[in-house]
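*Asks:* In the UniProt record's numbering, the protein residues as written are 1 to 851. Please find one structure pasted underneath; my questions will follow.
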């Protein structure tokens with residue numbers, strides 16, 4: 001179950017970066033400060049629109065002069081660079097970008113005071129600088145960047161556009177979009193203990209961002225070690241040197257010439273230290289290098305060709321007194337009145353007006369970020385990834401092409417063959433593709449194609465292959481236009497690992513061994529009914545008089561899910577009646593039963609109550625991702641489900657990781673590194689879960705979650721290593737005993753981990769607050785279920801029904817009876833010890849906020 005986007009990134013060989021036509025001359029934007037975009041007259045646009053675009057059959061433009069005839073374009077006094085801020089989530093990218101804008105005079109004190117108040121109101125006091133870059137409410141509530149932020153500032157010698165890329169792995173495609181437009185990268189790294197390590201370790205975004213940046217042509221990199229003012233760091237040279245010593249080999253391995261193209265420097269983005277002015281020796285005695293502004297100014301401008309064929313990939317479009325497209329000029333120059341093509345559809349257009357930032361200009365050259373108003377095309381006929389191109393030499397449009405790829409990483413060391421499907425990212429294009437032919441493999445020593453025929457390749461290989469895309473795209477030869485011939489392939493939205501419950505109707509199946517869960521459903525009935533009557537929005541009832549929709553997540557095979565659903569529907573009907581709305585009770589109820597694709601849905605539907613009052617629908621799929629259309633569900637229910645993680649953290653099964661969980665099968669009673677790995681994976685899963693549900697549920701809708709958890713955070717001293725949870729300790733000790741008896745190999749046990757995390761109340765509340773779309777209505781403890789007869793057999797039967805699928809998947813079916821017989825025996829012998837580790841079980845009810 002891998003909700004995270006596993007990178008299987010393949011890189012176009014960039015060995016020929018110095019190829020292609022280049023010219024140091026640049027076009028000078030002629031600024032007309034009194035002519036803003038919004039002040040254009042509609043009459044001018046009407047006149048421009050009435051002019052036809054005439055193109056001779058041989059491709060010669062009649063209305064556009066040959067660029068070779070215009071060599072009088074002067075250099076702008078200030079060069080322009082796009083700077084993308086990359087790095088792991090929470091490294092401080094947005095805060096650093098916001099501080100740059102404040103120090104360069106782009107934001108005044110009054111605005112900063114407003115952001116400080118807003119951040120304080122959201123209990124995010126230290127995030128106020130990030131609000132300058134994170135402008136939408138979702139980003140401010142979550143405390144993380146989602147879209148690529150864009151802002152401008154100037155120094156004495158340069159004009160810069162900041163591209164603030166999101167750091168979370170869920171938004172890597174947005175990061176790629178930002179990096180593809182960049183001339184320079186600023187890699188922001190947190191010096192805070194643990195934060196650098198999290199971003200740098202396998203799976204962290206520091207690594208992936210660096211590799212993607214190099215792949216996408218970001219050849220110059222500033223590495224800023226942020227948060228040096230943190231009390232735990234306090235401008236420590238040892239900590240700074242430790243980070244540099246780890247990053248240098250990785251940057252080299254990623255293709256960077258560290259001496260020539262990379263520069264390190266320490267900063268504090270929050271308070272602005274070593275950013276506009278150099279570090280004071282009283283703060284940091286050992287730093288003699290430049291500040292951030294000086295380092296940015298010292299970066300060499302990439303050579304560009306203002307006289308080449310015009311190329312501007314479109315990153316966005318909108319209507320404003322005509323059709324306006326946005327993009328970065330990669331080659332050539334553009335003037336008002338030029339006749340151009342929109343490729344790949346070869347639609348002729350005419351340039352009505354050109355804007356750099358808020359200034360209207362008559363002409364602009366390569367490297368500039370433009371908004372261009374066009375006539376001759378409607379904005380609905382333009383897609384992101386289309387290219388504004390010269391008529392005389394339009395950009396090629398293809399659906400198949402040959403490419404040289406370097407394979408960086410394939411999931412679980414898999415192989416790549418013809419038929420491999422991925423998502424292609426090139427300039428502003430995001431397109432599904434397939435490798436339809438492996439042509440040859442490149443010899444790593446000679447750099448020439450090998451003669452032998454290849455059927456598959458593995459990590460690290462360099463190959464020539466043929467790629468087919470779903471739609472026609474605009475792409476250039478790398479040697480001619482590096483930025484339009486360099487791309488990345490990734491596989492995105494990988495399916496979760498599957499941890500099956502035991503279906504069917506056998507003696508050990510969940511349907512026959514889930515009495516403990518049934519007791520919890522009954523225990524929560526009164527709380528749930530009261531909440532529905534008191535909190536379910538009447539407006540929802542009135543707007544859903546045809547159908548009221550309930551979804552049960554992690555339904556398994558019944559019968560508990562049916563009981564829970566019946567309780568919900570009874571309470572909803574009572575709500576109608578108590579409000580005098582009996583005549584408006586929905587004509588029908590729809591109930592969606594969700595679980596993984598491995599769930600026994602046949603058993604589920606065979607067990608449906610015959611006299612049910614609802615239409616039942618099965619929805620296979622992971623509840624960590626999207627399952628339903630927007631605003632389609634009125635009530636979500638989940639019992640004993642969301643403690644299951646989407647996957648086992650990779651590092652706990654990695655022998656070379658400090659988080660290797662050798663000899664244990666769970667994080668409880670394990671090392672701090674293992675606990676942190678589980679914490680991080682579960683936090684990511686909860687973010688995905690809440691984000692998906694927030695989109696699927698109507699505003700005012702309810703979500704009820706019955707969760708087994710711990711009374712405190714795992715890393716606190718009160719963490720029950722005392723509540724080490726008898727379940728996992730019991731199974732672990734029995735597996736260890738079976739190793740001693742020679743029934744199971746030690747290696748098998750070392751590589752087995754249970755993907756379950758017991759969330760504390762504090763963690764649930766924090767996750768809901770980070771998401772920002774729900775409010776917590778109530779959280780109440782439920783009494784722990786009591787069994788009749790042999791409590792040991794009852795508990796062991798429940799454990800077996802829940803995790804037998806995992807055990808069978810990893811160890812095989814031969815050990816099942818022996819293992820659980822041993823568990824039952826051990827439980828009876830040490831019952832008090834195992835019962836002392838009981839979890840708490842709580843029912844949380846969340847309400848979807850209105851926008």
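Every residue gets a Cβ at the ideal spot worked out from N, C-alpha and C, and that includes glycine. All figures in this text were calculated on a predicted structure; none of them were measured in a lab.
Span of the alpha helix (DSSP H) holding residue 678?
*Replies:* Residues 672-696.
*Asks:* Specify, as a first and last residue, the run of the alpha helix (DSSP H) that residue 664 falls within.
*Replies:* From DSSP, residue 664 is part of no alpha helix (DSSP H); its letter is neither H nor E.
*Asks:* What number of angstroms, rounded off, separates the C-alpha of residue 657 from the C-alpha of residue 574?
*Replies:* When rounded, the distance between both Cα atoms is 55 Å.
*Asks:* Run through DSSP, which three-state label would residue 360 get?
*Replies:* Strand at residue 360.
*Asks:* Kindly indicate which residue of 773, 757, 764, 732 has the alpha-carbon position closest to the one of residue 807.
*Replies:* Comparing Cα positions, the closest option is 732.
*Asks:* Going by DSSP, what residue range makes up the alpha helix (DSSP H) through residue 249?
*Replies:* Start and end: 237-253.
*Asks:* Answer yes or no: do residue 176 and residue 216 have a C-beta to C-beta separation smaller than 8 Å?
*Replies:* Yes, the Cβ-Cβ distance between residue 176 and residue 216 is below 8 Å.
*Asks:* Scan the region 354-399 and note each continuous alpha helix (DSSP H) run of 4 residues or more that stays entirely inside, going in chain order.
*Replies:* You should have found no qualifying run.
*Asks:* For residue 80, which beta-bridge partners are listed by DSSP?
*Replies:* Residue 80 pairs with 159.
*Asks:* Which residues does DSSP pair with residue 316 in a beta bridge?
*Replies:* Residue 316 is bridged to 326.
*Asks:* With contact counted as at least three CB pairs below 8 Å, one residue from each stretch, are the region 405-419 and the region 457-472 in contact?
*Replies:* Touching, yes, given that three or more Cβ pairs across the two stretches are closer than 8 Å.
*Asks:* What are the partner residues of residue 220, as DSSP defines its beta bridges?
*Replies:* According to DSSP, which records beta bridges pairwise, residue 220 is partnered with 184.
*Asks:* Starting from residue 473, follow the beta strand (DSSP E) in both directions and report where the run begins and ends.
*Replies:* Its beta strand (DSSP E) spans residues 462-474.
*Asks:* What did DSSP end up calling residue 54 once you bin it into helix, strand or coil?
*Replies:* Confidence is the limiting factor: at residue 54 the pLDDT is only 34, short of 50, which leaves the residue's position unreliable, though a coordinate-based value still follows. Three-state DSSP puts residue 54 in coil, outside helix and strand.
*Asks:* Using only CA atoms, which one of 385, 347, 318 lies nearest to residue 379?
*Replies:* Nearest C-alpha to residue 379: 318.
*Asks:* Could you please give the first and the last residue of the uninterrupted alpha helix (DSSP H) stretch that includes residue 532?
*Replies:* Unbroken alpha helix (DSSP H) run through residue 532: 525-535.
*Asks:* Taking just the CA atoms, how far does residue 738 sit from residue 672?
*Replies:* Approximately 27 Å between the Cα atoms of the pair.
*Asks:* Specify, as a first and last residue, the run of the beta strand (DSSP E) that residue 844 falls within.
*Replies:* Looking at the DSSP string, the run of the beta strand (DSSP E) that includes residue 844 is 840-848.
*Asks:* Provide the residue span of the beta strand (DSSP E) that contains residue 422, from first to last.
*Replies:* Taken as a continuous stretch (DSSP letters only), the beta strand (DSSP E) holding residue 422 covers 421-426.
*Asks:* Please check the pair residue 853 and residue 685, which I expect to be a contact at CB under 8 Å, by giving their CB distance rounded to whole angstroms.
*Replies:* The question about residue 853 has no answer, for the chain in this structure spans 1 to 851.
*Asks:* Assuming contact is defined by CB atoms lying nearer than 8 Å, are residue 469 and residue 399 in contact in what I supplied?
*Replies:* Their beta carbons are under 8 Å apart, which means residue 469 touches residue 399 by this criterion.
*Asks:* State the Cα-Cα distance for the pair residue 301 and residue 443, rounded to the nearest angstrom.
*Replies:* Each residue's alpha carbon lies about 34 Å from the other.
*Asks:* Using the beta-carbon count (16 or more within 10 Å), is residue 224 buried or exposed?
*Replies:* So residue 224 counts as buried.
*Asks:* Any idea which residues DSSP pairs residue 550 with across the strands?
*Replies:* Answer by DSSP bridge pairing, in chain order: 591, 635.
*Asks:* Does DSSP put residue 479 in a helix, a strand or coil?
*Replies:* Looking at residue 479 - three-state DSSP - the assignment turns out to be coil, as it is neither helix nor strand.
*Asks:* Determine the DSSP secondary structure at residue 656, reduced to helix, strand or coil.
*Replies:* Coil.
*Asks:* What do you reckon, are the CB atoms on residue 395 and residue 311 nearer than 8 Å?
*Replies:* In this structure, residue 311 lies closer than 8 Å to residue 395 by Cβ.
*Asks:* State the start and end residues of the unbroken beta strand (DSSP E) segment that holds residue 488.
*Replies:* Where residue 488 is concerned, the enclosing beta strand (DSSP E) stretches over 488-490.
*Asks:* Quick check on the burial criterion: 16 or more other C-beta atoms within 10 angstroms. Buried or exposed for residue 845?
*Replies:* Buried, by the Cβ-count rule.
*Asks:* In angstroms with no decimal places, state the Cα-to-Cα distance between residue 347 and residue 393.
*Replies:* Residue 347 and residue 393: Cα-Cα distance of roughly 14 Å.
*Asks:* Count Cβ pairs between the region 239-249 and the region 189-199 that sit closer than 8 Å; are there 3 or more?
*Replies:* Yes, they touch.
*Asks:* Could you give the residue range of the alpha helix (DSSP H) that holds residue 824?
*Replies:* First-last of the alpha helix (DSSP H) with residue 824: 816-829.
*Asks:* With distance defined between alpha-carbon atoms, name the residue in 244, 781, 742 nearest to residue 760.
*Replies:* Answer by Cα proximity: 781.
*Asks:* Compare the C-alpha of residue 482 against each of 150, 368, 331 and name the closest.
*Replies:* Selected option, being the one with the closest Cα: 331.
*Asks:* Is the beta carbon of residue 532 closer than 8 Å to that of residue 710?
*Replies:* No, these two residues do not count as a Cβ contact at 8 Å.
*Asks:* Quick check: the Cα distance between residue 275 and residue 186, rounded to an integer number of angstroms?
*Replies:* Distance between the alpha carbons of residue 275 and residue 186: 13 Å.
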